[in-house]
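Visitor: Residue numbers (the UniProt record's numbering): 1 to 164. No residue lacks a Cβ here, since even glycine has one placed at the ideal position from N, Cα and C. Computed from a prediction, not measured in an experiment: that's the story for all the values here. Sending over a structure as structure tokens; questions will come in a sec.
The structure is reproduced here in structure tokens:
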């Protein structure tokens, strides 16, 4: 918002409807905001277990809340070791993994380990640590990479395709 020649920015949290996202449309220096529903899990993916691995509790909460409301079953882990323990007990249909994880196993290594299971787990990297210059083979074990700056709806559309 421009006031007296200065730009002010504000952010609002939409917590009462976690299956909604904000879309911004700028025209004539006015910002219009509309709410659009996120895509529900398609029939073939409803109830599917999705493992979320991120060291940031806020991202785990946001993704788990979204996935639950969209019809998935969310499993959460704060690091790769916890993720591997959960996978041993209850293998997920797919995993959403941050590249940068604490401990000796990063997101890339975790993805590689999920690929050698009897039933490989499709991995979607969801990270702010993306660099377009990363070698293609760095992300070879991933179904897709989505930047945290992108719309979560894009992540969930790719998730549905990964589970297909």
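(1) Does DSSP put residue 16 in a helix, in a strand, or in coil?
(2) Quick one: residues in its chain with C-beta nearer than 8 Å to the C-beta of residue 157, no 5 flanking neighbours on either side, listed in chain order?
(3) Based on DSSP bridge pairs, tell me the residues matched to residue 126.
(4) Spatial neighbours of residue 41 within its chain, please: C-beta separation below 6 Å, excluding the five flanking residues on both sides.
(5) For the pair the region 103 to 118 and the region 149 to 163, tell me if three or more CB-CB distances fall below 8 Å.
(6) Suppose you measure from the CA of residue 57 to the CA of residue 100; what does that come to, to the nearest Å?
(7) Does the beta-carbon of residue 60 have 16 or more other beta-carbons within 10 angstroms, so that it is buried, or is it exposed?
(8) Do you know offhand how far residue 31's Cα is from residue 79's?
(9) Using C-beta distances below 8 Å, list every residue in its chain close to residue 141, excluding the 5 sequence neighbours before and after it, in chain order.
(10) Looking at residue 96 and residue 76, is the spacing between their C-beta atoms short of 7 Å?
(11) Identify the residues that DSSP records as bridge partners of residue 74: which are they?
(12) Can you tell me which of the three DSSP states residue 153 falls into?
(13) Specify the secondary structure class of residue 95 as computed by DSSP and reduced to three states.
(14) Using only alpha-carbon positions, find the residue among 160, 146 and 54 that is nearest to residue 83.
(15) Cβ atoms of residue 50 and residue 81: under 7 Å apart, would you say?
Guide: Here's the rundown:
(1) At residue 16 the pLDDT is 44, less than 50, meaning the model places this residue with poor confidence; the figure from the coordinates comes in the next sentence. Coil at residue 16, not helix or strand.
(2) Excluding five sequence positions before and after residue 157, the CB atoms of its chain that fall closer than 8 Å to its own CB belong to 39, given in chain order.
(3) 146
(4) 70, 71 and 72, listed in sequence order.
(5) no
(6) 14 Å
(7) Counting C-beta atoms within 10 angstroms of its own C-beta, residue 60 has 16 or more neighbours from the protein chains shown and is therefore classed as buried.
(8) Because the pLDDT of residue 31 is 48, which lies under 50, any placement of that residue in the model is unreliable, and the number read from its coordinates should be weighed accordingly. If you take the alpha carbons of residue 31 and residue 79, they lie about 38 Å apart.
(9) 108, 111, 112, 114, 115 and 123
(10) no
(11) Its beta-bridge partners are 50.
(12) helix
(13) strand
(14) Checking every option, the nearest Cα to that of residue 83 belongs to 54.
(15) no
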